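What follows is a set of notes on a single structure, which appears directly below.
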Amino acid sequence: MDEGEHTSHVSETGDGRDDTDTTGADNTGADGVDTDGTNRTNRAKAAARARAADRTDTDRSVADAADVDLDGTDPDVDDDLGDRADPDDADIDGGSRDRSTTGVDLDGVVLDDDDDDADNQGLFDDLLSGEPIFENKEVLRPSYTPRELPHRNDQINRMATILVSALRGETPSNILIYGKTGTGKTASAKFVSQELESTSQKYDVPCEVEYINCEVTDTQYRVLAQLANTFVEKNRSVITERIERCRDLRSAATDDPTALGSTEFSTVEEVDTRIEELEADGEDMEEVPMTGWPTDRVYTSFFDAVDYHERVVVIMLDEIDKLVEKSGDDTLYNLSRMNSELENSRISIMGISNDLKFTDFLDPRVKSSLGEEEIVFPPYDANQLRDILQHRADTAFKTGALTDDVIPLCAAFAAQEHGDARRALDLFRTAGELAERSQAETVAEKHVRQAQDKIELDRVVEVVRTLPTQSKIVLFAVILLEKNGVHNINTGEVFNIYKRLCEEIDADVLTQRRVTDLISELDMLGIVNAVVVSKGRYGRTKEMGLSVPVEETEAVLLSDSRLGDIENVQPFVQARFDN
């Protein structure tokens, strides 16, 4: 059987496969196997695999791949066979077409993925697409100390005239600074302290200022330990520098004995002795643990550390009234009496307080020595707050980012609350953040009003959310009465509903006297407004009303899992009338 007959036999099968039977069952016989055709078939397989692997040739089409002549037949015949071929049959020609087609499709899928990646935006991409409004937001935070403090020049100059004696090596007078929250006390004191330290470095005068926030460090042990550790660390740095200078001097003296001529040392041995002394001093500098030592040992450690070398130290105690309230005036007494025992250094105290009357609780000896100089910071008025905000706005916001009514409105809101500059800056910053989140181009009046509501609501939400469960139940009882049109709510009405609520959520029922105390605590927090009303011969009672938004407060209370389980509150309100 010749090659042409063999090809004809393959074509008659209709499936594109080589049906040559090596067993000799058909007319071909065992000798009729077309070895040459098989070789061509193997070469065609290799060529097909190479084309499938080569994805760089994007011009190749499916039709080109299908026209491969694998067995020497006419391409038109192959096309005709491909049309009639069973898709389940695995012929070589069809396999090559499948691979080529798959390669083209995969290239298309990859291109589609690239297009999708270009079109899809991430979570933060949209937020970053808008132009920022802020130039430097940090200048609007309370922690920022500006280079200029408007309307505080008088107070700053008074502090400077008192502390300038430190630059002459003398002991400055102790200073007490008073003023309400947000009147620039801490910012002014820090500004003067920075100027004092920079000037001392310029004139090579050892003068240091140490700041302690007594609302955080509120016990005598912690104050003394923090001061001791601060000066221990500074002393170690001084010792290291002195040892290095001595070693350099020793090296120079070894080569040239005249190098010691202008120094305090006469021989190299004296230099070695000094190095050993300094190394021993460094080893003796032991840090104070935050707990565990007797107070007198902590005091001794601080005393030795601060008196290690000559310097003038100003200790700034912010919120000094918190320290006195928590641990008495022992700390102030010890600090104010240290100068009589110190040999090398001098200490001055600068106390900052919101409470004008905290000195009334001090020992007369402490009061006399501590309050040598007093400086009062009055509240800001609206015009002064406007100047402060304008001064910060020039640095905080981009040019043209504020409408004309933003700064006056922020100043007016803050001036209503006792001239609090910190509140004005918080309001100013929050208004800018709200405008930036809404992708507005400028900060407008509506953003200031939204910020005012947000700040007030945030405060209420945080206070209510952190209340104890019993206080939440009492507050919930007040809200239920208020929502049902009850005015001038008295303690008895609140207690009746409070008992029903406790029974519903299986909570302990407190006495009416204790519930009255909880109402007083809510009044102190500013959540309710309670006043004592006399009923004549019937005695006195507290009448109260809510001082916070009803809906928002109720939503915070219902977020508590125990109160949220109460399904129908109307029967509890009816309890007021039942009693």
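Per this note's numbering, the very first residue in the sequence shown carries number 1478; after that it's consecutive. From the three backbone atoms N, C-alpha and C, an ideal C-beta is built for every residue, glycine too. All of these numbers come straight from a predicted model, not from anything done at the bench.
Closest by CA to residue i, which one among the options?
i, options, result
"V1843", "N1831, F1779, D1681 and V1801", "V1801"
"F1742", "S1915, R1727, E1756 and D1732", "R1727"
"E2028", "V1941, L2002 and T1735", "V1941"
"I1716", "D1795, D1758 and F1779", "D1758"
"V1765", "T1707, I1720 and N1811", "T1707"
"L2002", "E1692, S1915 and R1936", "R1936"
"K1834", "I1639, T2018, L1653 and E1625", "L1653"
"D1994", "P1841, L1978 and K2019", "K2019"
"F1780", "M1767, E1760, S1817 and I1752", "S1817"
"R1906", "D1603, P1619, D1725 and G1599", "P1619"
"D1797", "T1663, D1985, S2038 and P1855", "Looking at the sequence shown, residue 1797 is not Asp but Ile. When each option's Cα is compared against that of I1797, the closest is T1663."
Go ahead and pull the three-state DSSP assignment for residue i.
i, result
"I1610", "coil"
"Y2015", "helix"
"L1839", "coil"
"G1969", "helix"
"K1799", "helix"
"A2007", "strand"
"D1551", "Confidence in D1551 is poor, its pLDDT being 48 and thus under 50, which makes the residue's placement unreliable; the coordinate value appears in the next sentence. Three-state DSSP puts D1551 in coil, outside helix and strand."
"S2036", "coil"
"E1754", "helix"
"Y1785", "coil"
"V1920", "strand"
"I2043", "coil"
"C1887", "helix"
"F1779", "helix"
"V1940", "helix"
"L1833", "coil"
"F1874", "strand"
"E1894", "coil"
"Y1688", "strand"
"T2030", "helix"
"H1628", "coil"
Does the beta-carbon distance from residue i to residue j come in below 8 Å?
i, j, result
"A1782", "V1709", "yes"
"N1651", "E1850", "yes"
"V2008", "Y1975", "no"
"M1793", "I1884", "no"
"Y1698", "T1772", "yes"
"I1824", "M1815", "yes"
"V1745", "T1735", "no"
"E1659", "D1897", "Correcting the residue identity first, residue 1659 is Gly in this sequence and not Glu. Going by C-beta atoms, G1659 is nearer than 8 Å to D1897."
"A1643", "V1789", "yes"
"R1869", "L1617", "yes"
"L1704", "E1685", "no"
"E1918", "E1608", "yes"
"D1864", "P1649", "no"
"D1795", "C1691", "yes"
"L1987", "Q1947", "yes"
"I1720", "L1755", "yes"
"V1669", "A1702", "no"
State the CB to CB distance for the pair residue i and residue j, rounded to an integer number of angstroms; the pair is presumed to be in contact (CB under 8 Å).
i, j, result
"E1959", "L2023", "5 Å"
"A1418", "T1880", "A question about residue 1418 goes unanswered here, because the residues of the chain that appear run from 1478 up to 2056."
"L1862", "A1901", "5 Å"
"L1999", "V1992", "Between V1992 and L1999 the Cβ distance is about 11 Å, and since that is not below 8 Å, they are no contact."
"V1925", "L1904", "7 Å"
"K1875", "E1615", "With a Cβ gap of about 15 Å, K1875 and E1615 do not count as contacting."
"G2041", "V1853", "At roughly 49 Å, the Cβ-Cβ gap does not stay under 8 Å, so G2041 and V1853 are not in contact."
"I1826", "L1812", "6 Å"
"I2073", "I1982", "The structure shown has nothing for residue 2073, since the chain only spans 1478 to 2056."
"I1610", "A1878", "5 Å"
"E1820", "D1858", "Incorrect: roughly 49 Å between the Cβ atoms, too far for contact."
I'd like to confirm the pairing. Which residues does DSSP put opposite residue i in its beta bridges?
i, result
"M2021", "I1966 and A2007"
"G1656", "F1854"
"G1828", "L1653 and L1794"
"L1726", "The partner list for L1726 (beta bridge, DSSP) is empty, contrary to what the question assumes."
"Y1423", "Outside the displayed span of the chain (1478 to 2056) sits residue 1423, for which this structure offers no information."
"S1822", "R1788"
"L1879", "V1920"
Given 7 Å as the limit, tell me if residue i has its C-beta closer than that to any heavy atom belonging to the ligand ATP.
i, result
"K2012", "The ligand content of the structure shown is nil, which means the ligand ATP is not present either."
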